[in-house]
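A short write-up of the structure that comes next.
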Ligand SMILES: [Zn+2]
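In this note's numbering, the protein residues as written are 966 to 1032.
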């Protein structure tokens, strides 16, 4: 099971839970104020934004040999 990070919108408490994917989408109970205000924190894996990439309209991946 993956670990998800949550942050309480009431008190700002950050906590982690081991949850299945479907459960992680739901609001979690805060361990500090015990309110259902724990929203999932989505961490950004990329540091710098992508720029200057012109890779649209190509045929990189996909089934080849049409016909
Ligand atoms: Zn809280």
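Beta carbons are placed, not taken as given, at the ideal position from N, Cα and C, and that holds for glycine. These numbers were taken from a predicted model, which means no experiment stands behind them.
- Within the DSSP bridge table, the entry for residue 983 names 968 as partners.
- By DSSP's assignment, residue 1004 forms a beta bridge with 972.
- Between the C-alpha atoms of residue 977 and residue 1002 there is a straight-line separation of about 9 Å.
- Across the structure, residue 996 and residue 980 are spaced so that their CA atoms are roughly 8 Å apart.
- Per the C-alpha coordinates, the member of 975, 1007, 984 positioned closest to residue 966 is 984.
- For residue 975, the Cβ falls inside the 7 Å cut-off from some heavy atom of ligand 1.
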